[in-house]
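Below is one structure, written out as structure tokens; comments come after it.
Structure below.
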């Protein structure tokens with residue numbers, strides 16, 4: 001959606017879980033993980 005409302009882009013950023021990739025400014029050295037046991041395909045939308 002690009003607006004942060006659908007929760008489809010949740011990732012882990014610098015060890016912090018459930019961050020919205022579409023609302024996060026990319027910075028040099030940033031560590032982004034798209035696969036995590038704490039973030040799943042069945043993550044419910046709020």
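In the UniProt record's numbering, the protein residues as written are 1 to 46.
Ideal Cβ positions, reconstructed from N, Cα and C, are used throughout, including at glycine.
Cβ shell of residue i (< 6 Å), same chain only, five flanking positions each side left out
i: residue 31; result: 14
i: residue 33; result: 12
Whole-angstrom distance between residue j and residue i, CA atom to CA atom
i: residue 12; j: residue 2; result: 17 Å
i: residue 4; j: residue 35; result: 19 Å
i: residue 6; j: residue 22; result: 10 Å
i: residue 9; j: residue 26; result: 14 Å
i: residue 29; j: residue 16; result: 15 Å
Continuous beta strand (DSSP E) stretch holding residue i: start and end
i: residue 18; result: 16-20
i: residue 11; result: 10-13
Sequence-distant residues of its chain with Cβ nearer than 7 Å to residue i (five each side left out)
i: residue 24; result: 13
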